[in-house]
Structures are given as structure tokens and as C-alpha cells.
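Report on the structure given below.
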Amino acid sequence: MPDRTLSCEAARALFARYAAGEPSPALARHLDECDACLEACMEEALRHPPAVPVPADFRERVLAAARREHDAAPLPGDLWVQVTAACLPAILGVALWWVDPNLQLLRQPVVCATALGIETVLAFVWVWRVKNSAA
Amino acid sequence: LEDFAEIVEQHQASVFRTLARLTGEREGIEDLAQEVFLRLFRALPHFEGRARLSTFLYRIMVNVVNDEWSRRKQARRMDAIGEAALDVPHPAPGPAALLERSRFQEALDTALATLPLRDRMLLTLHYQEARSYEEICEVLKLPMGTVKTRLHRARERLKAALKEWIAPCQTAP
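This is the structure:
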């Protein structure tokens, strides 16, 4: 049986002050015995949490961090440059073999130098983009 | 970035409030709140708008708090085996925070801390954030029946924990 010194109505009128920290042994006694009031008091406290201050500079801090991340994000083309650089030797090899199955062309310095030149340029482009995206 | 700034402005109070409830802390949650918004920032280009932004944010909050708990658990384990003396705050509120807060709210936070994170989120979303059952289902990826059952159980467990706290208060001055 709920504590008779306090009716449910009177108990509920005390909830807000009790939930805010004011001690009330009579209300505590009532809540210990009245499930409905305890639940109501609990719900009241859950609905109205103590204020949590947001630091004044919080928004600016988040935006600064987001800006840093945004600037450091990899360029969308990076993946394609990497895939192309990785595939190019194979593509060049197949193309050469297609044109010249006996690979006589590879014995000509001009062809070799051109292939190496293309590979070197692509490697430089790749390194440059990776460096820039990580800055 | 301008749109993102507006989102931060609009949701920061709710994020701080929810994180405070989930962690039982009032101070030192700025880092967690920042992590929540940064994860949102990273995910925004893929956000299709099928769910509400608030739903998306609540889901991120659950993940961030989960990760933080794992990190602290790991850090405590490392501390226990003497590999490093890490200064990791315990999930329970510190003495300064306890003094500043009301005792009933403190008891509520202590009782909440005994529940699993998912149940804490359930109670927080339902009561504090006044979210609909549908939205809670979406945030926690649970069916409606499960949400209602778990909410009922969580409420009962919270009530039992609060009763334990109330008993000694009956003779308090």
C-alpha cells in the first residue's frame, strides 16, 4: 500500500522539485510503495534531462575539422590513375605482341625509349597526385 | 560546408543531450559529439535522404558510443596487465559532475548505466527525444514488436534500479 501521508496527487506535485534534487523523505517513501508514481516520476525525469551546455566554439571546431578532412580527401581521379598505371605495362606488352609477335620492335631503341617514357610520365603524375591529396 | 554548418547548428543541442544520457556524463563529451558530426560529414555524400537526418544521426551516435566503450574497455584491460598507465575516464560520472547534478537525475543515470546501450538508446529516444516507434525501429534496426517488448523490459529494470536507490532516501533529512 502506498504511504498514506502523501496522496498520489500530492506526490506528483512534488516530482519536479524532487527530480531537480530537492530531498523529500515523504515522497521517497511514497515512491517506494507506489509503482505508478515511481514510473511517472521516472518518465518525468527521463523527459526533462538536466541542461547540457554546448561550448560556444563547438560549431567552429567541428567545421574546422571537417574543412581539414575535406581538403585532405583523395581526388576522385586518383583510383583511375593508379589502375591505369598498373595496367599500362600489360596493355603495352599485348599491343606490341599484337603488332609484332616476334617482338622484333622491342629491339629498336626508339620503341623501348617511348614505352619507358610513357611509363615514367604516368609514374610521375601518380606520385604528384598522391602527394597533393595527402597534403 | 555551408549546409553542414547549418546541420551542426540545428542538431548540436540534441546530440549533446543524447550523448550525455547514453554515457552518463555531462562533461568531456565534446570529443564524442565532434566525432558524431565528422562521421556524418563523411557520410553525407552517400546520404540518400530516404531516412530522416535525425534518424541517421541517432544511428551514428549509437555507433560512436559503442566504439568509445570498446576503446575504454580495451584501455582498461591494457592498464590491468600493466602495459600502460592510461588516463581513461570511467564511464561512471566524476565527483564534480555528481555535485552539480540533481540526485534523482544522478540515480537515473546510474540506473541507466546498468542497462545495455541499446536499451538506454530506446529509453532516451522514446522519452527524452520523443521519437515515434517507427523512427526508433529505424535507428536500432529492430522490428516494432521487439522495440515495444524491450522498452517495457528496460522500463521495468530501470524502475527496479531506482527503487534500490530510493529505499535509503526515505530517512534522509
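Sequence lines, in order, name chains B and G.
Here the first sequence stands for residues -1 to 133, numbered as in my numbering.
Here the second sequence stands for residues 44 to 216, numbered as in my numbering.
Here a beta-carbon is modelled for each residue, glycine too, at the ideal position from N, C-alpha and C.
The beta carbon of Thr98/G does not come within 9 Å of any beta carbon belonging to chain B, so the residue lies off that interface.
Beta-carbon to beta-carbon, Val105/G and Val79/G are separated by about 10 Å, too far to satisfy the 8 Å threshold. Pro87/B is the residue among Pro87/B, Gly91/B and Cys110/B whose C-alpha sits nearest the C-alpha of Ala121/B. Any Cβ of chain B closer than 9 Å to the Cβ of Tyr176/G would place that residue at the interface, and such an atom is absent. Secondary structure within the region 67 to 103 of chain G: the alpha helix (DSSP H) runs of 4 or more consecutive residues, fully enclosed, are 73 to 86 (chain order). For the region 66 to 78 of chain G, residues whose beta-carbon sits nearer than 8 Å to a beta-carbon of chain B comprise Arg69, Ile72, Glu73, Ala76 and Gln77.
Per the Cβ contact rule, the region 100 to 114 of chain B is not in contact with the region 48 to 67 of chain G (fewer than 3 Cβ pairs under 8 Å). By the Cβ-count criterion, Asp30/B is buried, with 16 or more other Cβ atoms from all chains shown falling within 10 Å of its own Cβ. When the alpha-carbon of Arg27/B is set against those of Glu37/B, Gly19/B, Ala17/B and Ala9/B, the nearest one is in Ala9/B. For Arg146/G, the chain B residues whose C-beta falls within less than 7 Å of its own C-beta are Gly19, listed in chain order. Cys39/B belongs to the set of residues whose beta carbon lies under 9 Å from a beta carbon in chain G.
Residues of chain B whose Cβ lies closer than 7 Å to the Cβ of Ala86/G do not exist, since the nearest Cβ in that chain is about 12 Å away.
Under the criterion of beta carbons closer than 8 Å, Ala64/B and Phe84/G qualify as touching, at roughly 5 Å.
DSSP, reduced to helix, strand and coil, places Arg174/G outside both helices and strands of the structure shown, so it counts as coil. Between the beta-carbon of Val182/G and that of Thr66/G there is about 17 Å, and that puts the pair past the 8 Å contact cut.
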